[in-house]
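Each protein sequence line maps, in turn, to chains A and B.
Numbers in my numbering are just positions in the first sequence, counted from 1, shifted up by 76.
Numbers in my numbering are just positions in the second sequence, counted from 1, shifted up by 76.
Just so it is clear, CB atoms sit at the ideal spot from N, CA and C, and this is done for glycine as well.
2 protein chains.
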Amino acid sequence: MTPEEFRRYGHRIVDWIADYRTRVGDEPVMSRAEPGSIRAKLGVAPPDAPESFEAVLRDLDAVVLPGISHWQHPRFFGYFPSNGELASVLGDFVSTGLGVIGLSWQSSPALTEIEETTTDWVRQMIGLSAAWSGVIQDTASTSTLVALICARERASGFSLAHGGLQAEPKPLVVYVTPHSHSSVDKAALLAGFGRANVRVVAMDERYAMRPDALAEAVTSDVAAGRRPCAVVATIGSTTTTALDPVGAIAEVARSHGLWLHVDSALAGSAMILPECRPLWDGIEGADSLVFNPHKWLGAVFDCSLYYVRDPQHLVRVMSTNPSYLRSAVDEQVRNLRDFGIPLGRRFRALKLWFLIREQGVRGLQARLRRDLANARWLAEQVQATPLWRVLAPVPFQTVCVRHEPPGLAGEALDRHTLAWADRVNRSGAAYVTPAQLDGRWMVRLSVGALPTERADVEALWATLRREAEG
Amino acid sequence: MTPEEFRRYGHRIVDWIADYRTRVGDEPVMSRAEPGSIRAKLGVAPPDAPESFEAVLRDLDAVVLPGISHWQHPRFFGYFPSNGELASVLGDFVSTGLGVIGLSWQSSPALTEIEETTTDWVRQMIGLSAAWSGVIQDTASTSTLVALICARERASGFSLAHGGLQAEPKPLVVYVTPHSHSSVDKAALLAGFGRANVRVVAMDERYAMRPDALAEAVTSDVAAGRRPCAVVATIGSTTTTALDPVGAIAEVARSHGLWLHVDSALAGSAMILPECRPLWDGIEGADSLVFNPHKWLGAVFDCSLYYVRDPQHLVRVMSTNPSYLRSAVDEQVRNLRDFGIPLGRRFRALKLWFLIREQGVRGLQARLRRDLANARWLAEQVQATPLWRVLAPVPFQTVCVRHEPPGLAGEALDRHTLAWADRVNRSGAAYVTPAQLDGRWMVRLSVGALPTERADVEALWATLRREAEG
Chain A
77 MTPEEFRRYG HRIVDWIADY RTRVGDEPVM SRAEPGSIRA KLGVAPPDAP
127 ESFEAVLRDL DAVVLPGISH WQHPRFFGYF PSNGELASVL GDFVSTGLGV
177 IGLSWQSSPA LTEIEETTTD WVRQMIGLSA AWSGVIQDTA STSTLVALIC
227 ARERASGFSL AHGGLQAEPK PLVVYVTPHS HSSVDKAALL AGFGRANVRV
277 VAMDERYAMR PDALAEAVTS DVAAGRRPCA VVATIGSTTT TALDPVGAIA
327 EVARSHGLWL HVDSALAGSA MILPECRPLW DGIEGADSLV FNPHKWLGAV
377 FDCSLYYVRD PQHLVRVMST NPSYLRSAVD EQVRNLRDFG IPLGRRFRAL
427 KLWFLIREQG VRGLQARLRR DLANARWLAE QVQATPLWRV LAPVPFQTVC
477 VRHEPPGLAG EALDRHTLAW ADRVNRSGAA YVTPAQLDGR WMVRLSVGAL
527 PTERADVEAL WATLRREAEG
Chain B
77 MTPEEFRRYG HRIVDWIADY RTRVGDEPVM SRAEPGSIRA KLGVAPPDAP
127 ESFEAVLRDL DAVVLPGISH WQHPRFFGYF PSNGELASVL GDFVSTGLGV
177 IGLSWQSSPA LTEIEETTTD WVRQMIGLSA AWSGVIQDTA STSTLVALIC
227 ARERASGFSL AHGGLQAEPK PLVVYVTPHS HSSVDKAALL AGFGRANVRV
277 VAMDERYAMR PDALAEAVTS DVAAGRRPCA VVATIGSTTT TALDPVGAIA
327 EVARSHGLWL HVDSALAGSA MILPECRPLW DGIEGADSLV FNPHKWLGAV
377 FDCSLYYVRD PQHLVRVMST NPSYLRSAVD EQVRNLRDFG IPLGRRFRAL
427 KLWFLIREQG VRGLQARLRR DLANARWLAE QVQATPLWRV LAPVPFQTVC
477 VRHEPPGLAG EALDRHTLAW ADRVNRSGAA YVTPAQLDGR WMVRLSVGAL
527 PTERADVEAL WATLRREAEG
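(1) In whole angstroms, what is the alpha-carbon distance linking serine 209/B and serine 403/B?
(2) Going by beta carbon distance, what residues of the same chain come within less than 8 Å of alanine 206/B, once the five residues before and after it are set aside?
(3) State the Cα-Cα distance for the pair glutamate 80/A and valine 376/A, rounded to the nearest angstrom.
(4) For a contact meaning CB atoms closer than 7 Å, what does aspartate 91/B contact in chain A?
(5) Could you give the residue range of the beta strand (DSSP E) that holds glycine 210/A?
(6) Given this structure, state the Cα-to-Cα distance separating tryptophan 372/A from serine 340/A, to the nearest angstrom.
(7) Please identify, using Cβ separations under 7 Å, the residues of the region 229 to 254 of chain B that lie next to chain A, in order along the chain.
(8) How about aspartate 320/A: is its C-beta nearer than 8 Å to some C-beta of chain B?
(9) Nearest by alpha-carbon distance to glycine 420/B: which of Met518/B, Ile212/B and Pro122/B is it?
(10) Is it right to say proline 245/A is buried, meaning 16 or more other beta carbons lie within 10 angstroms of its own, or is it exposed?
(11) Figure out for me which residue from Thr78/B, Asp91/B, Arg84/B and Gly86/B has the closest Cα to the Cα of arginine 83/A.
(12) When you compare the CB of valine 398/B with every CB in chain A, is at least one pair closer than 8 Å?
(13) From leucine 266/B to isoleucine 225/A, what does the alpha carbon distance come to, in whole angstroms?
(14) Kindly indicate which three-state DSSP category serine 107/A falls into: helix, strand or coil?
(15) Where does the unbroken beta strand (DSSP E) through methionine 201/B begin, and where does it stop?
(16) Using a Cβ-Cβ distance cut-off of 8 Å, determine whether leucine 428/B contacts chain A.
(17) Whole beta strand (DSSP E) runs in the region 250 to 307 of chain B with 3 or more residues, listed along the chain?
(18) Give me the chain A residues within the contact set of glutamine 388/B, using Cβ-Cβ distance strictly less than 8 Å, ordered along the chain.
(19) Between the C-alpha atoms of glutamate 480/B and valine 508/B, what's the straight-line distance to the nearest angstrom?
(20) Specify whether the region 350 to 367 of chain A and the region 165 to 176 of chain A touch according to this definition: at least 3 beta carbon pairs, one from each stretch, less than 8 Å apart.
(21) From the DSSP output, read off the bridge partner residues of valine 384/B.
(22) Using the beta-carbon count (16 or more within 10 Å), is proline 482/A buried or exposed?
(23) Find the nearest neighbour of glycine 160/B within the set Ala531/B, Pro469/B, Gln435/B and Leu489/B, judged by alpha-carbon distance.
(24) Do you know how far the Cα of alanine 116/A is from the Cα of aspartate 498/A?
(25) Mind listing the chain A neighbours of threonine 539/B? Cutoff is C-beta to C-beta under 7 Å, in chain order.
(26) Cutting at 6 Å between CB atoms, please list the residues of its own chain near alanine 163/B, excluding the five before and the five after it.
(27) Which whole runs of the alpha helix (DSSP H) in the region 301 to 343 of chain A are 4 residues long or more, in chain order?
(28) Expressed to the nearest angstrom, what Euclidean distance is found between the alpha-carbon atoms of proline 185/B and glycine 143/A?
(29) Would DSSP call cysteine 476/A helix, strand or coil?
(30) Given a threshold of 16 other Cβ atoms within 10 Å of its Cβ, counted over all protein chains shown, does arginine 530/A qualify as buried or as exposed?
(31) Ordered along the chain, which non-local residues of its own chain (more than five positions away) have a Cβ less than 7 Å from that of leucine 489/A?
(32) Based on the DSSP output, what are the partners of proline 510/A in its beta bridges?
(33) Whose C-alpha, out of Thr98/A, His255/A and Glu110/A, is nearest the C-alpha of arginine 410/B?
(34) Determine the direct distance from the alpha carbon of leucine 540/A to that of glycine 178/A, and round the result to whole angstroms.
(35) Report buried or exposed for glycine 112/B, applying the criterion of at least 16 other Cβ atoms within 10 angstroms of its Cβ.
(36) Could you give the residue range of the beta strand (DSSP E) that holds tryptophan 464/A?
Quick look at the structure:
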């Protein structure tokens, strides 16, 4: 495609996206596609000759849209928000158009330096001290894997330079809770700890890790000849946005030499609000934390920020320095390849830079406060309505609810819950996520898509009542 | 930013990118920015109030461009090409504009099904049998880490479900060559094998792994009580695009139960040319392979394809299934979260789909043949010129050269090589990558940027002679 063709078709696609974002609220939120129905519209073999770009554009409407569940829809209440603010979309578009790769500082200095600046801006925005350094990773799954590998290497005296984890005489142990994200468990297994060494610590009635139970587990592992290595605390768990007490956990971690990694993938956004920061009091005692601006904050996916207090651990574990990547200025600059798993990296900082500048910190704060108020309003409606329950505290923007008709319990209640949630999703009027809490199904309502206003939350509540009580 | 503002500024950015791609050849290829000079133009603190988007747009020229080394430049001959074909840029832009996330099939069916189809198209294009399944990862670093973790788990009887790698009684060993990519070494260390268990196998005079040396190393490790686990063969190594003999290595792997992972990150593109396929003869004997369409083929970064013959190994190692990700159709569909490390995933297939359709297989083939011919022409010029040498076979599009003036050897020759390569890069006329081969510096000339025509290669050769022979 020539630059002039790109100009012509690029304008068409800008308009297509603008129209899409304008009208997305008229679409059913969840795709109604049947398994295999999209694939059936695609050729089994690749086209030998070039196709007209007009045909490609037509397929956006004919093939792609019917297979889209609309995350940017005003009545998307599923999973967690994944907001793609339009200024951020443009920042990412510039990155793609430039097509530069950050193998090293020299391979595009702006890529590294704008990433250093924007990650430091966000550090200030969420109230972390200057002791933290940030880098952009793809997802929290990767950030947490990086953290657990660094923890493993610190605890083993950097065994990677010698016999590896397999040569370690005593098993290293990782501490989590039943409400840690699935990626924490996965990261521990990928890092080679083994399920037998992933210790699940008891929670209190608010689904928060009990620091006394953590201390006991650590002591008991030490007595059994194992070596406590890392603990993962969550600020804003996926099921209920529960809060582990970071300060108390940090004390246990410090006294036993554990690496403390904090998963605040969702709730990190809330920390741009000074009134929310008491919720992660003690955060300065952590070794690493992950926060995804690609969730609630509005940076387009993928943009997961990984902050560490001592980047030398990261560099010591992740660094590679083959001859073809060296340059004369390596002593003066940061080579971000040493801060994560991939060697190549996109110019990811542009999407964050555009977002923060176009919205300003105040603009971002105002939107998040809107969402917190909407979630509070929704929780109040649910609580005030007979037969409906809010099942967990609502510190942020996610409300866990259940409709409990008289006489329904156990599996019958589960069937009722899953059935009405399915009716809500199939209706197209809203998209919600069922999940299990204390062994029973409930429904998570995660407020905070970009275009979601109070009227949309009111519409959600009306839909829930209709489909559940109906 | 409202959709109408997006429309206005989006058109501006389309034009900015079109203009950039039109005029990029007039820019010095390597950025002349000094360390810290970009950061100095950025605010130390984030803006509290929103900035005008005009100011953001102005900074693209004032702040970003001076810090760009131009990978899409016709005289970019550094590293490997990272081609961002403009049709692919638009595919990625649509993905960003839609802002959907593939946590599960249901969370956007088109994302999964177009990824299944396009990875299968590419499988056919590079001549792999239908026994292979593909998935898109971010980079070859990640794909190789996934491969080595799967190999580790297969060899250990899925120790992740029990005591982990640390409980293994005998060390698992990974086999590489001195020319394996730095990411292979890094992946082995991250996966916990330890440097002592990364066995470097001897090469022949063409920088290819010697299968007899591999067999000897395996036998000797077994005798010493270690367990051979995986071998990584490279098709198109980074330093010289050397070729390990996949067929013979596969035989050794089969007879000793090794997982064979093939790193064809660059050279996988060449396999869309039937005349190149003899170069990876025996590929069907591998367990996994990685090929990056974001290099030479033209899909915008990041788009690394990971193919496996038995996806069940992948699923068994990577799968997570928390309640909030389950859906009623899980038995009928592929959930791509089970095929890699991250849970969240962009709609990455669009950029590959747009590329293949707009170019057609024939269009892509024609461009790659152009580049192969240009590289051959360049190698012939170098070989025919006194005091210049081509240092390694040229099976693809990278030519390794040295200018060897009489009387210069050892470190004096290294100083000469690094000095003229630096003069070339600082001149702005071309961008090349020095690297070490057999302990001495040489210069890699990697032909194949999208806009690179014969005249650009001629200009490169004139620049090299001017700066080296001076």
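Straight from the coordinates:
(1) Going by the C-alpha atoms only, they are around 23 Å apart.
(2) Arg199
(3) 27 Å
(4) Residues of chain A passing the Cβ test: Arg83.
(5) From DSSP, the beta strand (DSSP E) with glycine 210/A extends over 209 to 213.
(6) Rounded to the nearest angstrom, the two C-alpha atoms are 12 Å apart.
(7) Ser235, Leu236, Ala237, His238, Gly239, Gly240, Leu241, Gln242, Ala243, Glu244, Pro247 and Leu248
(8) no
(9) Ile212/B
(10) Proline 245/A is exposed by the Cβ-count criterion.
(11) The closest CA to that of arginine 83/A, considering only Thr78/B, Asp91/B, Arg84/B and Gly86/B, is found on Asp91/B.
(12) Looking at the sequence shown, residue 398/B is not valine but proline. For proline 398/B, the answer is yes, since a Cβ of chain A falls inside 8 Å of its Cβ.
(13) 7 Å
(14) coil
(15) Here methionine 201/B belongs to no beta strand (DSSP E); instead the alpha helix (DSSP H) covers 185 to 201.
(16) Chain A contact via Cβ: absent.
(17) 274 to 276
(18) Ordered by position in chain A, no residue passes the 8 Å Cβ test against glutamine 388/B, which lies about 16 Å from the chain.
(19) 18 Å
(20) Counting Cβ pairs under 8 Å, fewer than three are found: no touch.
(21) Ser209/B and Ser364/B
(22) exposed
(23) Gln435/B
(24) 25 Å
(25) The premise fails here: threonine 539/B is roughly 19 Å from chain A at the closest Cβ pair, so nothing lies under 7 Å.
(26) Phe430, Leu431 and Glu434
(27) 322 to 332
(28) Distance between the alpha carbons of proline 185/B and glycine 143/A: 5 Å.
(29) strand
(30) It is exposed - the Cβ of arginine 530/A has fewer than 16 other Cβ atoms within 10 Å.
(31) Glu480 and Arg516
(32) Val519/A
(33) If we check each option's Cα against that of arginine 410/B, Glu110/A comes out closest.
(34) 47 Å
(35) By the 10 Å Cβ count, glycine 112/B comes out exposed.
(36) 464 to 466
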